[in-house]
Amino acid sequence: DLKALTYFAPMIGYTHQWTEKFRSTATSGYVSLQNVGAQDPAAYHETYYESLNLVWQLRQRLSVGAELLYGYSEQNSGDHGDVWRFQMSMVYTLF
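Counting in the numbering used here, the sequence shown runs from 603 upward without gaps.
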């Protein structure tokens, strides 16, 4: 018999246009599951996620950006870890 787990998962984001060519987006998210006793200790339990970026609109259809991300995860057993990431991107829009 399968039973759905109860969870709570809010997420929020905000984009700010600094100038005509520069914008930033900040996001934050959280997920929490109410685990049950039959689940494996390595089962997903809780996660935090944050990101912040800066995007430069080079041309009407071409933009480049850099983003910093942070994530934290906790398993049902209480084991946890976190990580920082940095990424860069280039986007060309066809239409």
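Backbone N, C-alpha and C fix where the C-beta goes; we use that ideal spot for every residue, glycine too.
| Check | Outcome |
| --- | --- |
| Starting from Val638 and walking both ways along the beta strand (DSSP E), at which residues does that stretch end? | Unbroken run through Val638: none, as it is neither H nor E. |
| Could you check if Val693 is buried or exposed, using at least 16 other CB atoms within 10 Å of its CB as the buried criterion? | exposed |
| Distance, Cα to Cα, Asn678 vs Tyr646? | 6 angstroms |
| Relative to the C-alpha of Ala611, which candidate in Thr621, Gln636, Thr617 has its C-alpha closest? | Gln636 |
| For Val657, does the count of other Cβ atoms within 10 angstroms reach 16, so buried, or fall short, so exposed? | buried |
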